[in-house]
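According to my numbering, the sequence shown is numbered sequentially starting from 3.
Don't be surprised by glycine CBs; every beta carbon is placed ideally from N, CA and C.
Contents: one structure, followed by commentary.
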Amino acid sequence: MDIRFSAEEIAFRDELRGWLKEVLPTLGDPPDSDDWTARRKWDTGWQRMLYDAGYAGINWPSEFGGRGSTPTEHLIFLEETTRMGAPYVGMNFVGQLHAGPTLILEATPEQRARHLPAMLKGEEVWCQGFSEPNAGSDLASLSTRAIRDGDHYVVTGQKIWTSFGHVADYCELLVRTDQEAPKHRGITWLICPMDLPGIEVRPITTVAGSSEFCEVFFDEVRIPVENRVGDENDGWRVAMVTFSFERGTAFISELLGTMNQLVEMADIARGASGNGPSAWDDDEIRREIGRLQAEYDALWALTKRVVSQAQRTGMPGPGGSVFKLYYADVKKRMADLAHRMLGREALVLAESSGGEQTGGDMVASRLYVLSLS
Numbered sequence: 003m004d005i006r007f008s009a010e011e012i013a014f015r016d017e018l019r020g021w022l023k024e025v026l027p028t029l030g031d032p033p034d035s036d037d038w039t040a041r042r043k044w045d046t047g048w049q050r051m052l053y054d055a056g057y058a059g060i061n062w063p064s065e066f067g068g069r070g071s072t073p074t075e076h077l078i079f080l081e082e083t084t085r086m087g088a089p090y091v092g093m094n095f096v097g098q099l100h101a102g103p104t105l106i107l108e109a110t111p112e113q114r115a116r117h118l119p120a121m122l123k124g125e126e127v128w129c130q131g132f133s134e135p136n137a138g139s140d141l142a143s144l145s146t147r148a149i150r151d152g153d154h155y156v157v158t159g160q161k162i163w164t165s166f167g168h169v170a171d172y173c174e175l176l177v178r179t180d181q182e183a184p185k186h187r188g189i190t191w192l193i194c195p196m197d198l199p200g201i202e203v204r205p206i207t208t209v210a211g212s213s214e215f216c217e218v219f220f221d222e223v224r225i226p227v228e229n230r231v232g233d234e235n236d237g238w239r240v241a242m243v244t245f246s247f248e249r250g251t252a253f254i255s256e257l258l259g260t261m262n263q264l265v266e267m268a269d270i271a272r273g274a275s276g277n278g279p280s281a282w283d284d285d286e287i288r289r290e291i292g293r294l295q296a297e298y299d300a301l302w303a304l305t306k307r308v309v310s311q312a313q314r315t316g317m318p319g320p321g322g323s324v325f326k327l328y329y330a331d332v333k334k335r336m337a338d339l340a341h342r343m344l345g346r347e348a349l350v351l352a353e354s355s356g357g358e359q360t361g362g363d364m365v366a367s368r369l370y371v372l373s374l375s
């Protein structure tokens with residue numbers, strides 16, 4: 003679990019810090035969260051800056067256009083960018099963290115050549131078409147069907163909770179290609195262009211006011227067979243590759259951002275509150291902040307273990323799944339504490355370190371983690 007930084011890794015940290023100090027002041031303010039056109043331009047523009055500087059695909063193999071960094075260098079990259087408040091992958095998190103790594107391992111040379119460079123340059127935004135109204139935690143129960151018709155699959159069905167589906171260029175899509183096979187064995191993984199005829203995307207506005215989630219409807223959408231990743235009916239195995247990255251090291255930046263939020267909450271608690279006592283004078287609030295800090299320290303230790311295993315084996319281990327279960331509970335309690343401390347003011351807090359929100363975002367965070375339990 004111990005991560006010792008080599009001379010090369012220390013030099014990498016210094017180089018990255020210097021670059022961030024140079025470029026971050028040139029970015030200006032991020033766009034409004036509901037201006038999807040501007041947000042896409044902002045996110046993909048940052049991705050292009052990373053690409054031009056040699057930091058895109060920080061942990062992707064160099065033969066596929068990435069930097070080829072070690073997992074430890076990836077950890078350093080996330081630490082430094084979060085510490086300095088740099089943007090992260092934004093609305094293209096599926097392409098950068100899930101679909102891209104999956105294509106590296108499972109796609110044909112032609113598919114890799116078509117999509118990987120475009121992902122790294124910020125020219126393609128991807129979304130994920132996995133969950134359905136009746137197939138969430140039991141994903142293998144998905145019913146979106148794909149019928150082979152010559153050189154195409156004809157796809158009909160519905161996906162839900164598709165983040166940024168309304169601005170995406172491509173979708174990593176799971177479909178059922180064998181209605182008679184056991185549910186885990188009749189699934190296929192497809193690359194679906196989002197501009198194909200028969201696709202309808204409907205944004206979902208949550209109670210927290212966000213509309214990044216979407217429903218996606220497929221009405222006899224014709225997807226070329228050449229867009230299949232892996233063999234027909236072998237999509238469940240390919241999806242497990244995708245999930246190994248989603249549950250592996252993709253969570254590190256979120257953890258770092260949330261740890262920064264806790265520091266901000268502690269600072270707010272210590273602040274003056276008119277003529278009355280501050281929240282820090284409440285023994286239970288102090289104890290809960292301390293408990294949360296201890297639990298985040300434990301999660302950070304687990305993160306280092308996952309990174310260490312990835313460095314040894316080349317793949318994230320099961321620690322990512324353990325992290326997801328534990329992190330959901332800790333973040334829910336942190337959201338509860340924020341609203342206990344601040345009440346309605348928690349909904350209008352300004353942005354904190356790492357581009358996250360301690361207040362309004364806490365509503366969405368709590369709803370999300372409740373959906374996991």
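Apart from the five residues just before and just after residue i, which ones in its own chain have a Cβ nearer than 8 Å to its Cβ?
| i | result |
| --- | --- |
| LEU22 | GLU82, THR83, MET86 and ALA88 |
| MET267 | ILE291, MET336, LEU339, ALA340, MET343 and THR360 |
| LEU264 | ILE291, LEU294, GLN295, TYR298 and MET336 |
| VAL324 | LEU304 |
Closest to residue i by C-alpha separation, out of the options, would be which residue?
| i | options | result |
| --- | --- | --- |
| GLU10 | VAL203, ALA170 and SER71 | SER71 |
| VAL441 | GLY102, ALA58 and GLY30 | Missing from the structure shown is residue 441; the chain here goes from 3 to 375 and no further. |
| ILE78 | GLY67, GLY30 and LEU18 | LEU18 |
| SER145 | ILE106, LEU175 and PHE166 | LEU175 |
| SER8 | PHE132, GLU75, THR158 and LEU294 | GLU75 |
| THR158 | GLU134, TYR172, SER139 and ASP171 | GLU134 |
| ASN94 | CYS173, ALA281 and PRO111 | CYS173 |
| PRO33 | PRO27, LYS43 and LEU26 | LYS43 |
| PHE66 | ALA40, LEU107 and ASP31 | LEU107 |
Go through its chain and collect everything with a Cβ distance to residue i's Cβ below 7 Å, but skip five positions before and after it.
| i | result |
| --- | --- |
| TRP38 | HIS168 and VAL169 |
| ARG15 | ILE78 and GLU82 |
| ALA13 | none |
| TYR328 | LEU301 |
| GLY131 | LYS161, THR164, CYS173, GLU174, LEU175, LEU176, CYS194 and VAL218 |
| ILE206 | SER213, PHE215, CYS216 and GLU217 |
Indicate the three-state DSSP secondary structure (helix, strand or coil) for residue i in the structure shown.
| i | result |
| --- | --- |
| HIS154 | strand |
| GLY131 | strand |
| GLN113 | helix |
| PRO63 | coil |
| GLU234 | coil |
| ARG204 | strand |
| ASP228 | In the sequence under discussion, the amino acid at residue 228 is Glu, which differs from the Asp named in the question. Looking at GLU228 - three-state DSSP - the assignment turns out to be helix. |
| TYR172 | strand |
| THR104 | helix |
Can you find the residues in the same chain that come closer than 6 Å, C-beta to C-beta, to residue i, ignoring five residues on each side of it along the sequence?
| i | result |
| --- | --- |
| ALA352 | Note that ALA352 scores a pLDDT of 38, beneath 50, so its modelled location is shaky; the value from the coordinates is reported in the next line. So the list is empty, once near-sequence residues are dropped. |
| TRP238 | HIS186 and ILE189 |
| ARG114 | LEU105 |
| VAL203 | GLY167, HIS168, CYS216 and VAL218 |
Less than 7 Å between CB atoms is the rule here; does residue i satisfy it with respect to chain B?
| i | result |
| --- | --- |
| LEU264 | Absent from the structure is chain B; it holds one protein chain and no more. |
Check your understanding: Counting pairs of beta carbons, one from the stretch 182 to 189 and one from the stretch 154 to 173, are three or more of them closer than 8 Å?
Key -> No: the two stretches stay apart, fewer than three of their Cβ pairs being nearer than 8 Å.
Review point. Is it true that the stretch 258 to 267 meets the stretch 187 to 200, where meeting means three or more beta-carbon pairs spaced less than 8 Å apart?
Key: The stretch 258 to 267 makes no contact with the stretch 187 to 200, as fewer than three CB pairs between them are under 8 Å.
Point to revise | Three or more C-beta pairs below 8 Å linking the stretch 33 to 52 and the stretch 217 to 228 | key: The answer is no - the stretch 217 to 228 does not touch the stretch 33 to 52, with fewer than three Cβ pairs under 8 Å.
Exercise for review: Mind the definition here: the stretch 51 to 61 touches the stretch 121 to 138 only if three or more C-beta pairs lie below 8 Å; say whether that holds.
Suggested key: Here the stretch 51 to 61 makes contact with the stretch 121 to 138; the two share three or more CB pairs at distances below 8 Å.
Check your understanding: If we count Cβ pairs, one from each stretch, closer than 8 Å, do we get three or more for the stretch 324 to 332 versus the stretch 294 to 305?
Key -> Here the stretch 324 to 332 lies against the stretch 294 to 305, with 3 or more beta-carbon pairs under 8 Å apart.
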